[in-house]
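Engineer:
Protein chains: 6
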Amino acid sequence: MTHFNRILITGAAGRLGIELRKGLAHLATHVRISDRVELADVQPNEEAVVCELGDYEAVMVLTKDVDAIVHFGGAPLEVEFETILDSNIRGSYHIYEGARKNGAKRVIYASSVHAIGYHEMEAHIDADSPVRPDSLYGVSKNFVENLSRLYWDKFGIESLCLRIFSSFPEPADRRMLWSWLSFADCVQYVERALVAPRLGHTIGHGLSDNRLKVVDDSKAGHIGFHPKDSAEPFRDAMEAKTDAPDPNAASVKYIGGWFCELGHPDDEGK
Amino acid sequence: MTHFNRILITGAAGRLGIELRKGLAHLATHVRISDRVELADVQPNEEAVVCELGDYEAVMVLTKDVDAIVHFGGAPLEVEFETILDSNIRGSYHIYEGARKNGAKRVIYASSVHAIGYHEMEAHIDADSPVRPDSLYGVSKNFVENLSRLYWDKFGIESLCLRIFSSFPEPADRRMLWSWLSFADCVQYVERALVAPRLGHTIGHGLSDNRLKVVDDSKAGHIGFHPKDSAEPFRDAMEAKTDAPDPNAASVKYIGGWFCELGHPDDEGK
Amino acid sequence: MTHFNRILITGAAGRLGIELRKGLAHLATHVRISDRVELADVQPNEEAVVCELGDYEAVMVLTKDVDAIVHFGGAPLEVEFETILDSNIRGSYHIYEGARKNGAKRVIYASSVHAIGYHEMEAHIDADSPVRPDSLYGVSKNFVENLSRLYWDKFGIESLCLRIFSSFPEPADRRMLWSWLSFADCVQYVERALVAPRLGHTIGHGLSDNRLKVVDDSKAGHIGFHPKDSAEPFRDAMEAKTDAPDPNAASVKYIGGWFCELGHPDDEGK
Amino acid sequence: MTHFNRILITGAAGRLGIELRKGLAHLATHVRISDRVELADVQPNEEAVVCELGDYEAVMVLTKDVDAIVHFGGAPLEVEFETILDSNIRGSYHIYEGARKNGAKRVIYASSVHAIGYHEMEAHIDADSPVRPDSLYGVSKNFVENLSRLYWDKFGIESLCLRIFSSFPEPADRRMLWSWLSFADCVQYVERALVAPRLGHTIGHGLSDNRLKVVDDSKAGHIGFHPKDSAEPFRDAMEAKTDAPDPNAASVKYIGGWFCELGHPDDEGK
Amino acid sequence: MTHFNRILITGAAGRLGIELRKGLAHLATHVRISDRVELADVQPNEEAVVCELGDYEAVMVLTKDVDAIVHFGGAPLEVEFETILDSNIRGSYHIYEGARKNGAKRVIYASSVHAIGYHEMEAHIDADSPVRPDSLYGVSKNFVENLSRLYWDKFGIESLCLRIFSSFPEPADRRMLWSWLSFADCVQYVERALVAPRLGHTIGHGLSDNRLKVVDDSKAGHIGFHPKDSAEPFRDAMEAKTDAPDPNAASVKYIGGWFCELGHPDDEGK
Amino acid sequence: MTHFNRILITGAAGRLGIELRKGLAHLATHVRISDRVELADVQPNEEAVVCELGDYEAVMVLTKDVDAIVHFGGAPLEVEFETILDSNIRGSYHIYEGARKNGAKRVIYASSVHAIGYHEMEAHIDADSPVRPDSLYGVSKNFVENLSRLYWDKFGIESLCLRIFSSFPEPADRRMLWSWLSFADCVQYVERALVAPRLGHTIGHGLSDNRLKVVDDSKAGHIGFHPKDSAEPFRDAMEAKTDAPDPNAASVKYIGGWFCELGHPDDEGK
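Quick mapping for you: the protein sequence lines, in order, are chains B, F, R, C, X and Y. Quick note on the numbering used here: the first sequence kicks off at 1 and runs consecutively. Quick note on the numbering used here: the second sequence kicks off at 1001 and runs consecutively. Quick note on the numbering used here: the third sequence kicks off at 2001 and runs consecutively. Quick note on the numbering used here: the fourth sequence kicks off at 3001 and runs consecutively. Quick note on the numbering used here: the fifth sequence kicks off at 4001 and runs consecutively. Quick note on the numbering used here: the sixth sequence kicks off at 5001 and runs consecutively.
1. Which partner residues does Leu166 (chain B) have in the DSSP bridge list?
2. Could you tell me which whole beta strand (DSSP E) segments of length 3 or greater appear in the region 3172-3237 of chain C?
3. Just to make sure I have the definition right: I need the residues of chain B whose C-beta is within less than 7 Å of the C-beta of Phe3168 (chain C). Which are they?
4. Using a Cβ cut-off of 8 Å, pull out every chain C residue sitting near Lys4228 (chain X), in sequence order please.
5. Nearest to Gln4043 (chain X) by alpha carbon, out of X:Ala4184, X:Val4031, X:Gly4206, X:Phe4234?
6. Which two residues bound the contiguous alpha helix (DSSP H) that contains Ala99 (chain B)?
7. With the cut-off set at 9 Å, would you say Ala5220 (chain Y) and Leu5160 (chain Y) are in Cβ contact?
8. Are Pro101 (chain B) and Met60 (chain B) closer than 9 Å when you measure CB to CB?
9. My output table needs one value for Ser4159 (chain X): the three-state DSSP class, helix, strand or coil.
10. Can you name the residues of chain X whose CB is closer than 8 Å to the CB of Ser2092 (chain R)?
11. Mind listing the chain B neighbours of Ile3089 (chain C)? Cutoff is C-beta to C-beta under 9 Å, in chain order.
12. Contact between the region 4239-4246 of chain X and the region 4101-4111 of chain X: three or more CB pairs below 8 Å?
13. Near Lys4064 (chain X), what residues of its chain come up, given a Cβ to Cβ distance below 6 Å and the 5 sequence neighbours on each side ignored?
14. Could you check where the beta strand (DSSP E) with Val4061 (chain X) kicks off and where it finishes?
15. Just checking, does the region 4190-4202 of chain X make contact with the region 2202-2215 of chain R on the three C-beta pairs under 8 Å criterion?
16. Along the chain, where does the alpha helix (DSSP H) containing Ala4250 (chain X) start, and where does it finish?
17. Quick one: what's got a C-beta closer than 7 Å to Arg3090 (chain C)'s C-beta in the same chain, skipping five residues either side?
18. Drop a sphere of 10 angstroms on the beta-carbon of Gly1156 (chain F), count the other beta-carbons inside from all chains shown, and report buried for 16 or more, exposed for fewer.
19. Which bits of chain X does Pro3245 (chain C) rub up against, with CB to CB less than 9 Å?
20. Using DSSP with H/G/I as helix, E/B as strand and the rest coil, what is Val31 (chain B)?
21. Strictly under 9 Å for the Cβ-Cβ distance: is Asn248 (chain B) near chain F by that measure?
22. Whose C-alpha, out of F:Val1190, F:Cys1051, F:Ser1208, is nearest the C-alpha of Ile1223 (chain F)?
23. Looking at C-alpha atoms only, which residue of F:Phe1081, F:Ala1231, F:His1094 is the closest neighbour of Glu2082 (chain R)?
24. Bridge partners for Thr5010 (chain Y) per DSSP, in chain order?
25. Any Cβ of chain B within less than 9 Å of the Cβ of Asp3266 (chain C)?
26. Give the single residue among C:Asp3209, C:Asp3267, C:Ala3172 whose Cα lies nearest to the Cα of Met3238 (chain C).
27. So is Glu2158 (chain R) in contact with chain X if we call contact Cβ pairs under 9 Å?
28. Please name the residue, chosen from Y:Trp5152, Y:Ala5012, Y:Phe5143, Y:Asp5153, that lies closest to Asp5086 (chain Y) on a Cα-to-Cα basis.
29. Per DSSP, what kind of secondary structure is Tyr5151 (chain Y) in: helix, strand or coil?
30. Going by alpha carbons, who is nearest to Gly3098 (chain C) out of C:Thr3010, C:Ser3230, C:Glu3122?
31. What does DSSP give as the partner residue(s) for Arg3106 (chain C) in the beta ladder?
32. Nearest chain X C-beta to Tyr5118 (chain Y) closer than 9 Å, yes or no?
33. Is it the case that the region 4107-4116 of chain X contacts the region 4068-4077 of chain X, given that we only count it when at least three CB pairs across the two stretches are under 8 Å?
34. Closer than 8 Å by C-beta to Ser4129 (chain X): which residues in its own chain qualify, once you throw out the five before and the five after it? Chain order, please.
35. What residues from chain R crowd round Gly3221 (chain C), counting only those whose CB sits closer than 7 Å?
36. When the Cα of Asp1126 (chain F) is compared with those of Y:Ser5218, Y:Leu5020, Y:Asn5248, which residue comes out closest?
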């Protein structure tokens, strides 16, 4: 398997970042890990860096001498616009600039179902369907998908934009019976993208092998991701403790789930 | 799994109706079963009703207090137009009106390959392809598919129109080596549609996991149907006792099979 | 131009029927005209027949010795189901049976925007898009479109199903500023379909050359229809006397217009 | 024609803003005009406001009591990221927030060919094709297209995102012989979008009726734009004074023109 | 307009070649003209060369010092395979090799409707539709379309493959009322392709502005061809002297016309 | 399973021909095997014929009394044009003529990935995508695909054009980790095509069940091919002995692999 000298993982203190550190360690001699908060349990092969992605100079240093970047940092939820602007939009721009200036050639970006959340469940979209963000957070994911396309077309930096659906230890609500992405499957998707012979600019949809098939990920087939997990073993317990949803609720109708029922962050708590 | 208070099964004395009664019993406290002929072997959880679907008042009573309807009643073959008009067109209209007036929110309808029978075997259509009925019977299936679309868009009643290919105890001719839908798989498809979180208006193609793949059912992926059976174990015996077909015979060329070779019902027997 | 010995026009007493009688007279030696009401102002070249299309025997006689049929008869609006069933569904079946039994080879059918009325204005559908009926009337139009497809695939009878948008002497409301089909353009479309070298089974969308272009009629390009009229000259007067519509009203959002705001005919007047 | 009480034009001191002030005056009783620089030649019906779009509070005031917004403000060229971030991304967010909070229901946004500039000339894309930004400027246009989609799906604010190709007094180079949008045609497109019965969320491609047809704008047909001008009268003079281009130059190959040959703004001047 | 030093026209003694010599003369200082037969009426700006395209060495000489090639040479009809092999397949290969070795960068090739003749009239194909040759002649046209694609992708030689429908002085049968390409329009198409800023590899469909629109040529819109002629003025006379065709005759059903009714050339005359 | 009296295998001395002789023997009483070189190890059920496919008379004899033809003969690599012309183009024409004249009704043709080699790895094409040959060899494969289409549309001879990717005993380079077709899977594909109830004219893509999925073969689903092998077990050893490829090398970027890096055969060795 392709072996890297050094890869960088951003958001490394986050739920998925912790999994990626474990799951990708075998791919590189050095793993630089970064987050805005202190990183725990640093391993001998790891280089821990506390860094705000909105700080241009810091990111230029952070991205030095890395072969590939796994960019999972940034605000992970709907929040007020200025936070999204700084951490997700400006921060991701810094990451791509760091890659360009420092010569990293491949980026795996944690995009999200919320980039396409306003598609209906029965729409069965694929990677070429128009986007339908369901939140300011989702719009910031669109931004990075488009920015990375520019960095591919103009600067030759390859990207996988992996639209993560619901990556949790196990399905946490009824919707996750179809939208779940197990940690192991998430790590596998990132790993395959790092070692694929050619990535170009690819949009992927991160879902485990759940019973319901709601999006078409075939246009990422050159990555070689094959999910191993399924939400099905969790179905009976989940259905026993929750009510059947209203099919017309926005959180069921649209693939973005409850993000489609959120108001504007400025209005929350009023 | 979603549990219903009462579901209604029409056509309950038919070949598939009998299977559905057995296979869906676990989903509901009460199962109302109906046919135009006497119903045999009525179980304690079943409410048997003899009913002509062409009788408006009777159907309004039949559909009272049901949560969901599995509508498999009506003429199952090419017959003279007035019979199709009364049992399939008027009768299905009555079922949808019953659902609307009595508040049933979900209908599973037994549509048919004959709604699309004049597509060529190598066309590989999906749920959005234009219809190509192969018979008056097929046109009546188109009618209900369209009527149910209206009842979704205007009245909010969800439907699965399940285009059943060849549902028999086992493959009965060479064509069924690709077109077979086992009873168990047919029941599974209906069951999954009843309990799916959202149906909207979905067209499904009912086929077991046969070796030859002739239509694309991916746009029903949100139902969660995964066939368990295959016609392949029946292949050797079937090929031993039948001749290889002419690839240009209408019954081979078109997915509707021998319906495409039928003349008009008025001309039959002449 | 192709000259017929005899063509049949049904619905000949209707708004459009009267125009067709005038506009198509030059195409045939004899024009048989039919309606359920008495026909006025019968010309020397015309053969007037009062006929209920729901009467099988009468239609078999009506369709004798005609080369082509212009089928504009039937209920022109949303009405209770049994009327639609008899006049539009059974009646149109009789017309196609008459064509088949009596050897007429080409039918021009007055389908309607209401066959596709639940598509959104910005959807820009074409002839292969799935249907979206907006009324029982619309479902009956779908029925004849599908029936005529069967009569083409199985019996070789060619059809144009002309989805008429709003054919009135002049635009009668704001929506007609985009949906208008002038009488002259309607007649032209039918005329071109009668004389086209090949019709096969074609779906057409009948619209004048209005400023707003809402559907794509290019798949009927082999007919050779080119609208001559436009609603634009009527715009200023119409806008002066009516208010700007709410873009989210169903009658504006969907191409079917106010049919999409109608309830079920059984509920009207309650 | 629809008449507004008050519309807002941003970027009103710009090349196109000046044209819009003249061309749209007849549509509204009051025209609020805004730019970051002093506005010249203010008319009696105009309310001039100097305003930085990156200033949230100022934009909330600017957008008060307006019925519709013509948003042409922001950096019009490739510049360093922080300028684009502030004027185009943050600034446009403020405009949409102003619309949402103050009740404006329709926005016409000056998007750009640079949102899709990396498509090849022979690709013939339409409004549903994936975006291909050719610059940071282009990525900011994608951002607003996506943001406005969110504001439509979630908050019901209609938008036309008008991808302006080359809007100049006359074609200024050979590429503009196909990419030119005359001022009059630009104004017409905006005007039609303001008065269209329904906009929903529409992507338009702003081009005059030039000889070469490079993109397909039919999915904006419900706006009713019909270009009146053409670059053709300028062809001979332009060809006389310029050399034939290299078909493989990025500025010819891609529809974004010379933006596709630009490096990163950080590298310019080095 | 782009001016060439020297262009080469093959098939210059043919029906269309003679028109091209007249119509393209203004584009180049020198026009080399070639055919397998003696060329008549050679003009001062013309260099006449008698040449068999199947002769490799001769073609290498023929293609020296030319900037662009208008390749209309080869057998123009269905003939026995060895003739097609030599003149159309080997001959066209020689032309492309000549272009490659001698540095001509653009080729306009006379392809034909017979490359796609087995598509039905109501199919409304475009440049990306699969080919359907109707003759060995048509297969040789496919060959050159594919060969020229290779020479674009691998060697950077641009081509227009212009599928000529029926280019005659005037429509010669009923089918040409829709399939006619006037000489002037044919010359215009070639001219525009020679001077277009970028050709890449383009498939064009050569038709005048006839009433019936049977194929979609929009993917060649970057060429800037706009037909000026129409077959319509010839309609009345043509219809007066010919019978209406059978819509199901292969020559009407398929766009290739009577080529679809031809048997194999080996069988002709038997 | 369908049993033939006699099938013909061309190219029977080749790498795949030898496998086909073993794998298809059970399907026919007699297997005629042919090559331009002496055939070794002839079995009792085999009829060995040494034959140049470019020899018309010889091929007419070769194709006598056969029910089906497995046409794997011809030059298997990029070579100078005249060899390709004679063996692949003329030779395949002779095979189809032999089928037509002698009444063989089904041909399985060894097409190649090189017919579509210039598609990018992330393009995910299917059987209806435009061809992109990567070599003169590839153009000859296009030729036979088109010729066979003619022989289906006009003469009723069914074909599978099987685009073989990389059929070797085991993966021989890194690319074959996704492009490999095991011998057993190759034989299975041919076998299924011989016995399928209907072939019509089908394009297939021959790939084993490798981890990376690069093309979509679903439009050949009516053949019933299901690969049993995978290149995955060979991955570790292959990656251990080879370097990771450059994603932008033509041999990685395009699915045709190193054929896309070949120059013209005339230039090789210079």
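Where is the CB? At the ideal position from N, CA and C, for every residue including glycine.
Structural biologist: Inspection of the coordinates gives the following:
1. Checking the sequence shown, residue 166 (chain B) turns out to be Ser, not Leu. According to DSSP, Ser166 (chain B) bridges with B:Trp180.
2. List check, beta strand (DSSP E) in window: 3201-3206.
3. Those do not exist, as Phe3168 (chain C) stays about 25 Å from chain B at its closest Cβ, beyond 7 Å.
4. Scanning chain C for C-beta atoms nearer than 8 Å to the C-beta of Lys4228 (chain X) yields nothing, as the closest lies near 13 Å away.
5. Closest option to Gln4043 (chain X), Cα to Cα, is X:Val4031.
6. Unbroken alpha helix (DSSP H) run through Ala99 (chain B): 91-102.
7. Their beta carbons are under 9 Å apart, which means Ala5220 (chain Y) touches Leu5160 (chain Y) by this criterion.
8. The question names Pro, yet the displayed sequence has Lys at residue 101 (chain B). In terms of Cβ geometry, Lys101 (chain B) and Met60 (chain B) form a close pair [threshold 9 Å].
9. Correct three-state label for Ser4159 (chain X): strand.
10. Listed along the chain, the chain X residues whose CB falls inside 8 Å of the CB of Ser2092 (chain R) amount to none; the nearest CB is some 22 Å away.
11. The answer, in chain order, is Leu85, Ile89, Phe143.
12. No: the two stretches stay apart, fewer than three of their Cβ pairs being nearer than 8 Å.
13. Once the five neighbours on either side are set aside, the close Cβ partners of Lys4064 (chain X) are Asn4102.
14. In the DSSP assignment, Val4061 (chain X) falls outside any beta strand (DSSP E) and within the unbroken alpha helix (DSSP H) covering 4056-4062.
15. Under the three-pair Cβ rule at 8 Å, the region 4190-4202 of chain X does not count as touching the region 2202-2215 of chain R.
16. Segment 4250-4253, the alpha helix (DSSP H) holding Ala4250 (chain X).
17. Gly3054.
18. It is exposed - the Cβ of Gly1156 (chain F) has fewer than 16 other Cβ atoms within 10 Å.
19. Within 9 Å Cβ-Cβ: Pro4197, Arg4198.
20. Residue state, collapsed to three classes: strand.
21. Asn248 (chain B) counts as touching chain F.
22. Nearest of F:Val1190, F:Cys1051, F:Ser1208 to Ile1223 (chain F), Cα basis: F:Val1190.
23. Cα-wise, what sits closest to Glu2082 (chain R) is F:His1094.
24. Looking at the DSSP assignment, Thr5010 (chain Y) forms a beta bridge with Y:Ser5034, Y:His5071.
25. Yes - at least one Cβ of chain B is within 9 Å of the one on Asp3266 (chain C).
26. Minimum Cα distance to Met3238 (chain C) is reached at C:Ala3172.
27. The C-beta of Glu2158 (chain R) comes closer than 9 Å to at least one C-beta of chain X.
28. Comparing Cα-Cα distances from Asp5086 (chain Y) to each of Y:Trp5152, Y:Ala5012, Y:Phe5143, Y:Asp5153, the minimum goes to Y:Phe5143.
29. Judged by DSSP in its simplified three-state form, Tyr5151 (chain Y) adopts helix.
30. Comparing Cα positions, the closest option is C:Thr3010.
31. Answer by DSSP bridge pairing, in chain order: C:Ala3068, C:Glu3158.
32. For Tyr5118 (chain Y), at least one C-beta of chain X is nearer than 9 Å to its own C-beta.
33. Yes, they touch.
34. Excluding sequence neighbours, Ser4129 (chain X) sits near Ile4116, His4119, Ala4123.
35. For Gly3221 (chain C), the neighbours in chain R by C-beta distance under 7 Å run, in chain order, His2124, Leu2212, Lys2213, Val2214.
36. If we check each option's Cα against that of Asp1126 (chain F), Y:Ser5218 comes out closest.
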